[in-house]
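Each residue of the sequence shown is one higher than the last, beginning at 471 in this note's numbering.
I have placed the structure first, in the form of structure tokens, so that the comments after it can refer back to it.
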Amino acid sequence: MKDKVRIVKTTSEHPDFENLIKALDESLWERYPELKSDYWGNNILELNPNVVILYIEDKAVGCGCFKKYDKNTIEIKRMFVSPEVRGMGLAQTILRELEGWAHELGYSFSVLETLYKQKETIALYQKTGYDIVDNYDPYLGLENSICMRKPI
């Protein structure tokens with residue numbers, strides 16, 4: 471199956487990315503209905519030129535993107551792998567692709583935010599070298615957020 475994986479670099483305007491983000495949002499609001507009002511403002515899909523979509527055969531099954539956080543740092547956003555293909559290392563593939571792309575563009579660090587119930591996600595990020603750090607803006611004071619950082 472992994473030999474049929476294809477990665478496409480694109481923008482947030484790609485219809486497959488938009489569809490995957492809808493699935494991501496649905497899964498988050500299902501898992502965290504009580505947080506929707508706190509996080510909705512941080513969940514805006516702005517135009518982003520740094521999007522990766524992962525395909526198995528011709529089906530879009532995963533995505534992620536990054537945006538500039540500061541002059542040396544990117545923020546990983548919108549990481550998602552469809553439930554039916556989880557456990558195959560696809561999230562690590564997406565993450566490596568995003569980090570490599572950011573490094574090529576001259577960035578030295580990556581930060582990200584996830585939610586406290588995302589135990590498998592936190593474990594994935596730690597396995598790939600991220601350390602938990604104090605919450606950064608705009609997650610300051612949001613107790614449900616876990617912020618992480620790593621050099622790339």
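Beta carbons: idealized from backbone N, C-alpha and C, even for Gly.
Count the other C-beta atoms from every protein chain shown that fall within 10 angstroms of the C-beta of residue i, then say buried if there are 16 or more, exposed otherwise.
i      : result
Gly557 : exposed
Arg548 : buried
Glu545 : buried
Gly532 : buried
Gly611 : exposed
Ser578 : exposed
Gly576 : exposed
Gly534 : buried
Arg476 : exposed
Glu569 : buried
Arg619 : buried
So what does DSSP say about residue i, is it helix, strand or coil?
i      : result
Glu545 : strand
Asp495 : helix
Thr598 : coil
Ile622 : coil
Thr481 : coil
Using a threshold of 7 Å, state whether the C-beta atoms of residue i and residue j are closer than that.
i      : j      : result
Ser580 : Ile616 : no
Leu585 : Asn614 : yes
Lys541 : Asn518 : no
Thr598 : Leu565 : yes
Thr563 : Val521 : no
Leu524 : Leu498 : no
Glu527 : Lys474 : yes
Phe550 : Leu594 : no
Tyr609 : Glu583 : yes
Asp486 : Ala530 : yes
Given 6 Å as the limit, tell me if residue i has its C-beta closer than that to any heavy atom belonging to the ligand COA.
i      : result
Gly570 : As for the ligand COA, it is missing from this structure, which has no ligand bound.
Requested in this report: Ignoring anything shorter than 3 residues or poking outside the stretch 515 to 586, list the beta strand (DSSP E) runs there in chain order.
Outcome: Here the runs fully enclosed are 521 to 526, 529 to 540, 543 to 551, 579 to 585.
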